[in-house]
Each structure stands twice: as C-alpha cells, then as structure tokens.
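Residue numbers (my numbering): 1039 to 1186.
Structure, rendered in structure tokens:
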C-alpha cells in the first residue's frame, strides 16, 4: 500500500517509523496549540470495525476511516506530544508541548474494552506498542487503574 500524502497548514502525512503512515509537523507548533480536528462518521461503539476510531463519548466513536481526515494517521506513543479534547461533540488534537518542525505527532490511544466487556490481553499482537519511547509500556491499552 502506498502512503497517502496530505499537506495541511500545520501538518503533513508520510511514512512513519512507528507504524505505517504518520502525521508530521510542517512547522514549529507551540504548546497548547489546537492542531487538527479528528473527523469522521459518528458510529455507535458497538458497531466500530475500524482501527481509526476515536471515542467521543460513552456511546459514540468517530470513525476516521469513513469521512475522516489526516488526524486518523496520528500514531500512538506512550510519551505523546499531543492530547485530545472534546468540545461540543467535536474532537481536537492539541500540542502538549512545543513540537519541532518535522517531528511526528502522537497521542496516547489509551485503549480499553467497551463497557461490560473483559479487558483484552495487553500482550496480544493487536495491542502491542511500537512507539520506541524510553517509557514505553509495551501496549496501546490504558494502564490498569488509570483514568480513561
């Protein structure tokens, strides 16, 4: 599969050392800056069948694979430089610190099971982390006992 190239004011997509396609800063991004909205179709959590899902609330996921933008390619890191915030039903990525030009944007996926479902095996291949951070916890799953 070829890597899609998207060019926006703050970001561009390209090959990632973490996984597949990543999103990179086109210029320096200051701490606290809103970088990009995470867009896509809103679907019930029970109907998500995409790896590009971002939890919006207790019942809804934004499916970036359907109607999404470059934000769906932001990879996970255990030492992220971005975080997500939801305002009025819309999810945005914000810079947690200054981000250098060319740096890959990341956020902590903090994956977990749907309400009432058992916790997945953190060692399962589907949840293995490849971020390479010195503080990597080895999984995309939320640490046990951490707030979601």
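We treat Cβ as the ideally placed atom computed from N, Cα and C, and that holds for glycine.
- Here residue 1064 is not near residue 1086, since their CB atoms are 7 Å or more apart.
- With respect to residue 1171, residue 1117 sits close: the two C-beta atoms are nearer than 7 Å.
- Per DSSP, the unbroken beta strand (DSSP E) holding residue 1133 starts and ends at 1128 to 1133.
- Between residue 1129 and residue 1076, the C-beta spacing is below 7 Å.
- DSSP places residue 1048 in the coil class of the three-state scheme, outside both helix and strand.
- Between residue 1088 and residue 1101, the C-beta spacing is below 7 Å.
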